[in-house]
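First up is the structure itself, then whatever we jot down about it.
Put into structure tokens, the structure is as follows:
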């Protein structure tokens with residue numbers, strides 16, 4: 001009797017709107033993958049169940065995701081708070097396991113082969129565990145963002161998977177973990193720290209486009225002007241002068257040594273080329289360690305991706321206002337856009353349904369984000385609120401970067417379009433993220449810690 005009443009309570013509390021939006025996006029994703037792979041000479045209805053095509057595999061992934069979603073809805077919401085830290089530790093161990101068990105795919109050793117042609121990407125799944133662990137920590141009564149200790153611990157939770165992703169040559173997924181800082185800001189992280197982070201990003205970009213000597217002079221002039229205008233405060237406290245000098249030295253060190261080292265020794269040649277091309281500069285691969293390994297007989301580095309972006313722009317632009325129609329996209333049918341079923345899936349939608357279709361599609365995403373934020377604001381539990389904002393931040397980052405990537409406004413970094421791009425790991429990750437939120441929201445009258 002108690003079990004039945006509990007299930008009835010859950011069904012009454014489930015937010016049907018978010019489930020409808022989820023189902024709509026997944027259906028659009030399968031449709032887009034079908035458009036990419038459709039071949040009128042070879043297509044049969046049986047191909048949907050053959051599991052030899054990407055759209056049939058995505059149907060299988062969808063079935064698995066639905067089963068997992070139902071399991072989550074029937075689970076106890078306290079499970080996610082009680083085992084949040086344990087889940088996070090499991091995720092980190094899974095990412096570490098890729099260094100031993102990992103399979104190299106497109107230059108990234110972040111996949112664990114599961115057999116049958118399927119692979120698992122722990123860096124994707126770890127977003128779930130990071131969101132839970134961060135929610136657990138930020139909901140603690142002793143967490144105070146005015147204290148350095150709390151700031152460091154929260155940052156460590158978010159950045160640990162990101163660092164492992166970089167070591168696996170998955171810079172795109174590593175950047176996705178930065179979205180958790182939006183959540184931290186919502187929960188009280190001082191804005192000055194975010195400004196510092198953006199300033200660091202601006203310094204990195206300036207390092208790429210400005211002559212190193214000129215940039216060092218500019219930084220020195222800025223430091224000197226700051227010291228001049230703060231001379232009265234400096235007279236009262238020499239610590240201010242030391243702080244300004246330390247920031248100047250750190251900035252010069254970053255632009256003269258750290259950034260060149262990362263681009264030449266940490267990133268693959270093709271990754272450095274992508275970022276340089278985004279700011280209108282050419283990168284000399286002869287400086288890159290991967291290019292030097294190529295000369296020594298190592299595996300060839302990937303080629304520049306200007307072709308991908310050009311073909312992507314052509315596909316989207318050719319769609320015009322209303323598009324060419326379902327299964328009538330010439331760029332899609334001609335297979336001109338590489339990786340169109342994954343990172344460039346948005347191009348198939350743009351070519352087939354044009355600006356109008358893209359606008360309506362992005363409107364669905366907007367409704368989903370607004371719904372998640374509304375759900376976040378009605379939570380009594382800090383854990384549920386932080387988790388909801390984590391989901392919104394991750395989705396916003398993925399959507400923005402992927403769409404900007406396909407139209408050439410952002411470097412190609414391998415960020416999938418949520419619930420749309422082909423891939424079991426990605427679909428399962430976003431399914432679990434969303435349905436844990438739905439489950440927590442069903443118990444929104446409870447205070448979870």
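In the UniProt record's numbering, the protein residues as written are 1 to 449.
No residue lacks a Cβ here, since even glycine has one placed at the ideal position from N, Cα and C.
For clarity, every value in this text was computed on a predicted model and none was experimentally measured.
- Straight through space, the alpha carbons of residue 26 and residue 227 are spaced by roughly 56 angstroms.
- The beta-bridge partner set that DSSP reports for residue 112 consists of 120.
- Boundaries for residue 143: no alpha helix (DSSP H) harbours it, and the DSSP string shows neither H nor E there.
- Annotation: residue 174 to residue 60 spans about 27 angstroms, alpha carbon to alpha carbon.
- Per the coordinates, the alpha-carbon of residue 212 lies some 7 angstroms from the alpha-carbon of residue 256.
- In the DSSP assignment, residue 85 falls within the alpha helix (DSSP H) that extends over 84-101.
- Excluding five sequence positions before and after residue 186, the CB atoms of its chain that fall closer than 7 angstroms to its own CB belong to 389, given in chain order.
- Rounded to whole angstroms, the gap between the alpha carbons of residue 391 and residue 433 is 7 angstroms.
- Using a 10 angstroms sphere on the CB of residue 411, the tally of other CB atoms reaches 16 or more, which defines it as buried.
- When only Cα atoms are considered, residue 244 and residue 422 end up about 49 angstroms apart.
- Restricting attention to 134, 271 and 21, the CA atom closest to the CA of residue 183 is found in 134.
- Here residue 190 is exposed. Its C-beta has fewer than 16 other C-beta atoms within 10 Å.
- By the criterion of a C-beta distance shorter than 6 angstroms, residue 65 is surrounded in its chain by 427, 428 and 431, once the five residues flanking it on both sides are discounted.
- Measuring C-alpha to C-alpha distances from residue 96 to each of 83, 110 and 85 identifies 110 as the nearest.
- DSSP, read as helix, strand or coil, puts residue 104 in strand.
- At the C-beta level, residue 219 and residue 35 stay beyond 8 angstroms of one another.
- A residue is called buried when at least 16 other Cβ atoms come within 10 angstroms of its Cβ; residue 309 meets this threshold and is buried.
- As the crow flies, the alpha-carbon of residue 127 is around 11 angstroms from that of residue 178.
- Scanning its chain for C-beta atoms nearer than 8 angstroms, with the 5 sequence neighbours on each side dropped, one finds around residue 37 the residues 53, 54, 55 and 341, in chain order.
- Approximately 6 angstroms separates the beta-carbon atoms of residue 396 and residue 369; this is inside 8 angstroms, confirming the contact.
- Per DSSP, residue 48 is not a residue of any alpha helix (DSSP H), being assigned neither H nor E.
- Per DSSP, the continuous alpha helix (DSSP H) segment holding residue 405 begins and ends at 382-406.
- Residue 378 sits in coil when the DSSP states are folded into three classes, being neither helix nor strand.
- Contact annotation: residue 274 and residue 413 have beta-carbon atoms nearer than 8 angstroms.
- Counting every other CB atom within 10 Å of its CB across the protein chains shown gives residue 62 a total of 16 or more, marking it as buried.
- Cβ-Cβ separation between residue 312 and residue 344: approximately 5 angstroms, consistent with a contact (criterion under 8 angstroms).
- The residue among 24, 15, 30 and 16 with its C-alpha nearest the C-alpha of residue 424 is 30.
- Taking C-beta separations shorter than 7 angstroms and ignoring five residues to either side along the sequence, the partners of residue 348 in its chain run 32, 35, 36, 329, 332 and 340, following chain order.
- Contact annotation: residue 439 and residue 72 have beta-carbon atoms nearer than 8 angstroms.
- If you check the CB distance, residue 119 and residue 103 come in under 8 angstroms.
- Going by C-alpha positions, residue 100 is about 12 angstroms away from residue 113.
- In the DSSP assignment, residue 281 falls outside any alpha helix (DSSP H), carrying neither H nor E.
- Residue 265 and residue 194 have their alpha carbons spaced roughly 27 angstroms apart.
- When the Cα atoms are used, residue 284 and residue 253 turn out to be separated by approximately 21 angstroms.
- The distance from the Cβ of residue 154 to that of residue 138 is about 7 angstroms, consistent with a contact at the 8 angstroms cut-off.
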